[in-house]
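This report concerns only the one structure given below.
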Ligand SMILES: NC(=O)c1ccc[n+]([C@@H]2O[C@H](COP(=O)([O-])OP(=O)(O)OC[C@H]3O[C@@H](n4cnc5c(N)ncnc54)[C@H](OP(=O)(O)O)[C@@H]3O)[C@@H](O)[C@H]2O)c1
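Residue numbers (full-length UniProt numbering): 1 to 161.
Right, here's the structure in full:
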């Protein structure tokens, strides 16, 4: 099963200056709880922005220079190599955790999208992929109100039709 997980702002922004321009503990906790014990797949730029392998998860990083990645991750040099890993591990749950290169390249294979919609504009330069209502349907939506520290946000689950 291939699941994509991301958080986007009011203008579909997901990243700014090689980072994520918000810190929402409730969203981070959701990400950690959801992905722990599974495999996370990310692009090299997202890996660099995190700075280390995520604990309690198998980390796969896509790069044209996979041998330069640390031993703590599985470096993969092409989409076809990644595809072979998906096919040889049919019972594994893969979470595509970004960034936009990976979401766009793998959207057509995703079974499920876990999207956190944040009710604020952070002037991002990196955007979420376009999803169409003919490919995915909204299965659940859970709202979280704004607080003094955080804007309101909604957890959405989209399932492939
Ligand atoms: N809001 C969120 O939920 C969220 C989640 C994740 C990331 N982000 C943000 O997204 C931004 C990064 O996204 P991005 O799209 O710029 O970068 P990215 O997708 O994280 O990484 C791109 C890199 O992946 C490698 N790659 C991509 N396609 C490949 C292919 N077919 N074969 C081999 N390697 C390939 C290349 O690495 P090499 O250059 O090493 O060859 C490429 O430079 C950051 O701002 C990050 O903070 C946001």
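We put the CB at the ideal spot given by N, CA and C, even for glycine.
Keep in mind it's a predicted model, so treat the numbers as computed, not measured.
**Asked** To the nearest angstrom, how far is it from the Cα of residue 72 to the Cα of residue 59?
**Response** What you label residue 72 is simply residue 72 of the chain shown in a count that begins at 1. What you label residue 59 is simply residue 59 of the chain shown in a count that begins at 1. Roughly 8 Å between the two C-alpha positions.
**Request:** May I have the straight-line CA-CA distance separating residue 155 from residue 146, to the nearest angstrom?
**Result:** Position 155 of the chain shown, counting from 1, holds the residue named residue 155. Position 146 of the chain shown, counting from 1, holds the residue named residue 146. Computed Cα separation, rounded: 13 Å.
**Message:** Here's the rule: buried if 16 or more other CB atoms are within 10 angstroms of the residue's CB, otherwise exposed. What is residue 45?
**Reply:** For the purposes of this step, residue 45 is identified with residue 45 of the chain shown, where counting begins at 1. Buried, by the Cβ-count rule.
**Prompt:** By Cβ distance below 6 Å, which residues in the same chain neighbour residue 110 in space, the five residues on each side in sequence not counted?
**Reply:** The sequence position of residue 110 within the chain shown is 110, counting from 1. Result list for residue 110: 2, 4, in chain order.
**Terminal residues of the alpha helix (DSSP H) in which residue 100 lies** = Position 100 of the chain shown, counted from the start, is the residue given in the question as residue 100. Looking at the DSSP string, the run of the alpha helix (DSSP H) that includes residue 100 is 100-106.
**Message:** So, for residue 150: in the same chain, excluding its five sequence neighbours on each side, which residues have a beta-carbon less than 6 Å away from its beta-carbon?
**Reply:** Looking up residue 150 in the chain shown gives position 150. Same-chain partners within the cutoff: 24.
**Message:** Less than 8 Å between C-beta atoms, sequence neighbours within five positions excluded: which residues of the same chain meet that for residue 102?
**Reply:** Taking the chain shown and counting its residues from 1, the one referred to as residue 102 is at position 102. Within the same chain, residue 102 has close Cβ partners 41, 42, 43, 46, 62, 96.
**Request:** Quick one: using the 10 Å Cβ neighbour count with 16 as the cut-off for buried, is residue 99 buried or exposed?
**Result:** The residue labelled residue 99 in the question sits at position 99 within the chain shown. With 16 or more Cβ atoms within 10 Å of its Cβ, residue 99 is classed as buried.
**Request:** Would you identify the three-state DSSP class for residue 49, choosing helix, strand or coil?
**Result:** Walking along the chain shown from the start, residue 49 turns up at place 49. Note: residue 49 maps to helix in three-state DSSP.
**Asked** For residue 6, is the beta carbon positioned less than 6 Å from some heavy atom of ligand 1?
**Response** Position 6 of the chain shown, counted from the start, is the residue given in the question as residue 6. Indeed, a heavy atom of ligand 1 lies less than 6 Å from the Cβ.
**Message:** Here's the rule I'm using: 16 or more other beta-carbon atoms within 10 Å means buried, otherwise exposed. How should residue 159 be labelled?
**Reply:** Taking the first residue of the chain shown as 1, we reach residue 159 at position 159. That one is exposed.
**Asked** Between residue 27 and residue 124, which are expected to be in contact by the criterion C-beta below 8 Å, what is the C-beta distance as a whole number of angstroms?
**Response** Translated into positions along the chain shown, residue 27 becomes position 27. Translated into positions along the chain shown, residue 124 becomes position 124. Actually they are not in contact, since the Cβ atoms of residue 27 and residue 124 sit about 15 Å apart, beyond 8 Å.
**Prompt:** Out of curiosity, what's the CA-to-CA distance linking residue 113 and residue 133?
**Reply:** One-based indexing of the chain shown puts residue 113 at position 113. One-based indexing of the chain shown puts residue 133 at position 133. Cα-Cα distance, rounded: 12 Å.
**Request:** Under 7 Å Cβ to Cβ from residue 22, same chain only, skipping five residues before and after it: list those, please.
**Result:** As a first step, residue 22 must be located in the chain shown, where it is residue number 22. Same-chain partners within the cutoff: 118, 122.
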